[in-house]
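Contents: one structure, followed by commentary.
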Amino acid sequence: MLARTHTFTTETLQAHRVTVEVDIRPGLPAFVIVGLADAAVREARERVRAAIRNCGFEFPSRRITANLAPADVPKVGPGLDLALACAILAASGQVPGKRLSTHALFGELALDGEVKASRGTLAVAQATHDAGLQALVLASSDAHQARLVEEIEVAAVETLKSAVRVLRGGRGDRPARTPDATASRGPAPGSAAATAGGDLCEVRGQQHAVEALVIAAAGGHNLLLSGAPGTGKTMLAQRMPSILPPLSRREALEVARIHGLAGTHNGGLASARPFRAPHHSITTAGLIGGARRGWVGEVVLAHRGVLFLDELSEFARPALEALRQPVEEGRLAIVRARRSEVYPARFMLLAATNPCPCGYAGEADRCRCSESELTRHRRRLSGPLLDRIDLLVQLRRDGTRELTAAPLTSSAEARARVLLARRRQAARLSGEGLTVNADMDAPLLRRHVALDERGEDMLRGACARGLLSARGQHRVLRVARTIADLNASERVRTRDVGAALALRPEVGVQGGRPG
Amino acid sequence: MDCLRRSWLLAALGGPLDYHCRDRARLTDALALGDQQLMRALAGRRRSQLQAQYAAFAAADLLPGDGRVEDICHHDDRFPRRLRFPSAPRALYVATSARRLHELARGPVVAIAGSVRASDYGMETARSLARGLAAADVTVACGLEDGIAVAALAGALEADGAVVCAMPGGVDVIAPARRRSLYQRLTRRGCAAAELPCGTPARRWGQAASQRAIVGLAQLTVLVEAQDNPRELAPARLASTLGRAVAAVPGRVTSPLSAGTNALLAQGAHLLRGPADALELLPAGGPYGSSRAGRPAARRLEPRLQRILDRVRAGADSPDRLRHEAGDVGELLCALTELELMGLLARGDGGRYVPLDPQPVARRASPP
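So the protein lines, in turn, are chains A and B. Each residue of the first sequence is one higher than the one before, starting from 2 at the first, in the working numbering. Each residue of the second sequence is one higher than the one before, starting from 31 at the first, in the working numbering.
Printed below as a string of structure tokens:
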């Protein structure tokens with residue numbers, strides 16, 4: 002007898018529909034799975050056999066052939082277990098086949114028949130809707146995630162027995178607890194969760210750095226923090242998520258989908274933006290992914306959030322070079338031997354570095370770096386990545402002297418300013434299909450950034466003095482536009498240009514050290 | 031011929047000289063020895079071989095320069111008169127012309143020396159000092175090494191002045207190599223001089239020995255920033271042995287980088303506050319004397335800018351220290367940018383703003 006069930010396998014960030022066909026006919030007892038199954042799926046035989054028996058059903062001792070269609074899509078992971086078990090039960094007449102054509106099944110089985118959560122629930126739920134199926138049967142611990150897709154019916158089940166009950170026309174199990182839709186299950190590994198990131202009011206002194214942080218958040222500008230050890234670069238960076246606007250529902254779904262597939266986040270919708278801070282020993286594959294099928298890198302995990310590279314100059318050159326495409330295009334195309342994948346990767350780049358190898362440049366009696374070491378350090382930094390950084394903040398150690406000073410601003414205040422500025426930008430740029438100033442190119446800059454005469458003079462003077470390159474001019478204009486937005490001004494005033502110039506990221510062209 | 035042979039001998043003994051003469055005094059003593067004594071003292075096992083080569087030496091053995099290098103020995107009339115002291119170089123290789131060196135050495139020359147690892151303050155002082163001296167037609171003598179020397183070199187070139195630069199190896203060996211563009215600029219109006227034949231790699235003792243030429247050529251030796259150790263104070267010591275004037279730029283008493291210069295001042299060196307002080311120390315009657323030539327009158331600044339500039343000059347050099355000087359952060363940053371664009375401040379390493387001396391607006395017309 003033949004039975005069909007529907008399930009999904011995940012690839013890249015997509016879930017692909019898989020039809021499980023099971024055929025049972027007389028012969029020597031055997032259980033064969035065909036259709037490009039990976040090791041986890043082939044091992045499903047043992048799990049399915051044990052689960053069926055332990056739930057009190059009969060495992061037919063005849064020749065069982067399972068086909069996973071379409072045959073050319075590789076099937077990965079243990080999420081196909083439940084569909085396979087139900088197909089066998091249906092083929093052996095233990096479950097009516099009526100609901101199998103409308104219900105998708107997704108979940109891993111334990112030997113005792115318990116249905117366990119599997120990665121990529123959100124993607125699967127969306128694919129269920131896209132495939133025109135009505136309901137999704139899955140582990141109850143994941144049900145709250147699947148319920149984010151409101152168009153489909155979600156049946157949460159604890160065991161194979163409950164799944165059979167659903168297929169016979171019954172109801173699913175009630176979830177043991179209703180998880181808070183906004184809470185994640187603890188911070189994802191490698192990321193300091195936004196909740197743990199702290200508040201801006203904990204920052205003392207460094208007023209211009211705080212202001213630059215707000216500017217970067219408002220305009221979506223990439224920011225480089227440079228300063229001696231202990232000046233608070235990391236502290237400032239960690240507070241970036243707290244002043245960024247919260248994720249919209251659409252963005253939150255994207256983020257939840259990516260993190261669900263990567264297994265780094267298993268909760269419902271998060272409103273806080275991802276904050277990824279990989280260590281500088283990270284490899285290229287770790288940063289952009291692509292080491293094996295379905296493996297996503299930090300760049301993708303930082304989608305819609307912040308990628309923080311501490312000790313920028315210590316990162317391997319190839320890893321930084323690999324960042325260029327995602328930083329410029331907001332997406333990442335990985336081409337490997339037999340596949341090419343495109344991931345979304347639109348993030349804000351936040352980097353921190355020491356001003357010189359020893360970290361104390363500018364403090365002549367402490368800095369132990371020679372001229373050539375300084376030159377090498379600058380050259381390492383001034384690679385192509387620096388072209389995409391709009392703001393440079395140099396922190397000085399004595400800024401932290403004022404540890405007792407009153408806090409300058411809180412995250413809530415800063416975020417309110419950021420939101421206002423973002424609204425102004427969105428209104429201006431909606432016709433261009435952009436949302437933030439950082440994405441403006443040269444023609445848009447000409448259209449939207451009108452300087453007064455003194456501002457023009459200033460910019461021209463900076464170029465004449467060799468402080469600014471042509472590309473640098475565009476960066477200054479973008480930043481000046483954002484500063485004006487923060488000050489709720491439609492015109493870009495001289496003081497906005499001046500402040501933007503003071504934060505320009507040109508390293509190694511300043512005076513002080515000739516030669 | 032004999033003098034060139036000596037330069038060849040010194041190059042051949044480069045290794046032993048480096049090894050034996052870590053101590054400046056010993057190096058000076060060794061360089062005052064005659065050729066035979068020098069070979070006996072330093073050649074060691076290679077002595078007989080070296081003596082044979084010495085006897086068979088012909089000037090043609092030396093690597094020729096690239097045609098722009100002239101050699102000149104102390105028997106020549108054009109050899110700088112101030113360089114005729116016992117331990118002085120016997121011969122010089124000059125790029126590009128010995129005549130130019132002769133001209134420059136007859137006029138006023140000030141040597142600017144100091145620490146290799148200098149603070150922004152030292153660098154900027156050296157630069158503006160050299161700029162002021164060059165604007166007053168004084169020749170600046172210095173080395174090509176990092177720190178004060180290269181700052182002085184750059185400052186003198188900014189004012190389009192003449193520089194005599196002493197090289198630690200052969201005159202065509204630019205060490206460190208990244209100074210190539212500075213080297214080319216300086217040889218346009220000034221000259222580079224070395225006592226070792228062309229192609230000799232730069233060695234440590236050569237660095238020390240080149241100070242003899244720098245200090246020897248100058249009437250006045252200025253130490254801009256030096257730590258209190260014999261190595262960094264060597265130029266001052268050499269100058270006082272030769273009976274030349276020594277001046278030093280004062281620094282903060284707490285800064286170890288200025289400890290040496292402050293110690294010199296305590297011992298009675300002339301105190302230098304700017305180019306004008308240096309000009310007064312030079313023998314009167316030269317073509318110089320108008321230290322203000324080419325310098326702009328102090329510009330009148332808006333009060334808010336002036337206040338910030340004064341604070342930066344007084345040491346509050348980061349935006350964080352200045353935050354009470356302006357209404358808000360944006361205003362402060364804008365004011366700093368304006369000052370930067372006027373050439374009164376520069377953004378330095380580690381988030382500091384470094385006060386600059388205003389550059390001459392109208393450059394001095396080229397001398398005949």
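Note that beta-carbon positions come from the ideal geometry of N, C-alpha and C, so glycine has one too. Since the model is a prediction, treat every value here as computed from it, not as a measurement.
Could you tell me if B:H354 is buried or exposed, where buried requires 16 or more neighbouring beta carbons within 10 angstroms of its beta carbon?
Looking at its Cβ environment, which holds fewer than 16 other Cβ atoms inside 10 Å, B:H354 is exposed.
Would a C-beta distance cut-off of 8 Å place A:R148 and A:V138 closer than the cut-off?
The answer is no: Cβ separation not under 8 Å.
If we ignore side chains and look at the alpha-carbon of each, how far apart do B:A42 and B:A184 end up?
Whole-angstrom Cα-Cα distance: 33 Å.
Can you tell me which of B:P46, B:T169, B:T291 and B:L268 puts its alpha carbon nearest to the alpha carbon of B:S145?
Checking every option, the nearest Cα to that of B:S145 belongs to B:T291.
Can you pull the chain A neighbours of B:S158, defined as C-beta to C-beta under 8 Å?
In chain order: nothing, as chain A lies at least about 11 Å away.
Do B:A189 and B:R161 have their CB atoms nearer than 8 Å?
In this structure, B:R161 lies closer than 8 Å to B:A189 by Cβ.
Assuming contact is defined by CB atoms lying nearer than 8 Å, are A:G57 and A:L83 in contact in what I supplied?
No, they are not a contact pair.
Going by C-alpha to C-alpha distance, which of A:P408, A:D391 and A:R274 sits closest to A:I484?
Closest by alpha carbon: A:D391.
I want to see whether chain B comes within less than 8 Å of A:E342, judged by CB atoms only; does it?
Not an interface residue.
When you compare the CB positions of B:L294 and B:L335, do they come within less than 8 Å of one another, or not?
No, the Cβ-Cβ distance between B:L294 and B:L335 is not below 8 Å.
Is there a Cβ from chain A that is less than 8 Å from the Cβ of B:V279?
B:V279 does not count as touching chain A.
Can you tell me whether A:T103 is buried or exposed? The criterion is at least 16 other CB atoms within 10 Å of its CB, across all chains shown.
A:T103 is exposed by the Cβ-count criterion.
With burial defined as no fewer than 16 other Cβ atoms inside 10 Å of the residue's Cβ, what is the status of A:P27: buried or exposed?
By the 10 Å Cβ count, A:P27 comes out exposed.
What residue from A:L386, A:L445 and A:R461 has the CA that sits closest to A:S431's CA?
With distances taken between Cα atoms, A:S431 lies closest to A:L445.
May I ask you to list the residues that DSSP assigns as paired with A:L308?
DSSP output for A:L308 lists A:R277 and A:L350 as bridge partner(s).
Are the beta-carbon atoms of A:N223 and A:R377 separated by less than 8 Å?
No, they are not a contact pair.
Cutting at 7 Å between CB atoms, please list the residues of its own chain near B:E175, excluding the five before and the five after it.
Cβ neighbours of B:E175 beyond the five flanking positions: V146 and Q237.
Would you mind sorting B:Y49 into buried or exposed? The rule is 16 or more other CB atoms within 10 Å of its CB.
By the 10 Å Cβ count, B:Y49 comes out exposed.
Report the partner residues of A:T66 according to the DSSP bridge assignment.
BP columns for A:T66 point to A:D24 and A:V33.
Go to B:Y84, then tell me how far its alpha helix (DSSP H) extends in each direction, as first and last residue.
That run of the alpha helix (DSSP H) goes R77 to A85.
Quick check on DSSP: helix, strand or coil for A:L288?
Correct three-state label for A:L288: helix.
In terms of DSSP beta bridges, what is A:T160 paired with?
In the DSSP output, where bridge partners are listed per residue, A:T160 has A:E115.
Between A:I244 and chain B, is any beta-carbon pair separated by less than 8 Å?
Taking Cβ atoms only, chain B never reaches closer than 8 Å to A:I244, which makes this a no.
Can you give the beta carbon distance from A:V116 to A:A16, rounded, assuming they're within the 8 Å contact cut?
Not a contact, Cβ separation roughly 18 Å.
Give me the chain B residues within the contact set of A:R397, using Cβ-Cβ distance strictly less than 7 Å, ordered along the chain.
The answer, in chain order, is S348, D350, G380, G381 and R382.
What are the residues of the stretch 208–223 of chain A that lie near chain B, defined by any Cβ-Cβ distance shorter than 7 Å?
For the stretch 208–223 of chain A, which is checked against every Cβ of chain B, the residues closer than 7 Å are Q208, H209 and E212.
For the structure I just gave you, are there three or more beta carbon pairs, one from the stretch 353–369 of chain B and one from the stretch 327–344 of chain A, closer than 8 Å?
The stretch 353–369 of chain B is not in contact with the stretch 327–344 of chain A.
Is B:C172 helix, strand or coil by DSSP?
Of the three classes helix, strand and coil, the one that applies to B:C172 here is strand, per DSSP.
Going along chain B in order, which residues have a C-beta closer than 8 Å to the C-beta of A:G199?
Those within 8 Å of A:G199 in chain B number zero; the least Cβ separation is about 20 Å.
So, for A:E554: in the same chain, excluding its five sequence neighbours on each side, which residues have a beta-carbon less than 7 Å away from its beta-carbon?
Beyond the ends of chain A as shown, which are 2 and 516, falls residue 554 of chain A; an answer cannot be given.
Since A:G228 sits in a beta bridge, which residues does DSSP pair it with?
DSSP output for A:G228 lists A:L396 as bridge partner(s).
Does B:P333 come within less than 8 Å of chain A when only Cβ atoms are used?
Judged by the 8 Å Cβ criterion, B:P333 is not in contact with chain A.
Does the Cβ of A:N355 have 16 or more other Cβ atoms within 10 Å, making it buried, or fewer, making it exposed?
Buried: at least 16 other Cβ atoms inside 10 Å.
Can you find a CB in chain B that lies within less than 8 Å of the CB of A:R382?
The question names Arg, but residue 382 of chain A in the sequence shown is Leu. Output row for A:L382: interface = no.
Report yes or no: is there a C-beta of chain A within less than 8 Å of the C-beta of B:V99?
By this cut-off, B:V99 is not an interface position.
Would a check of beta-carbon distances place B:P326 closer than 8 Å to chain A?
Caution applies to B:P326, whose pLDDT of 49 falls short of 50 and renders its modelled position unreliable; the value that the coordinates give is listed next. Output row for B:P326: interface = no.
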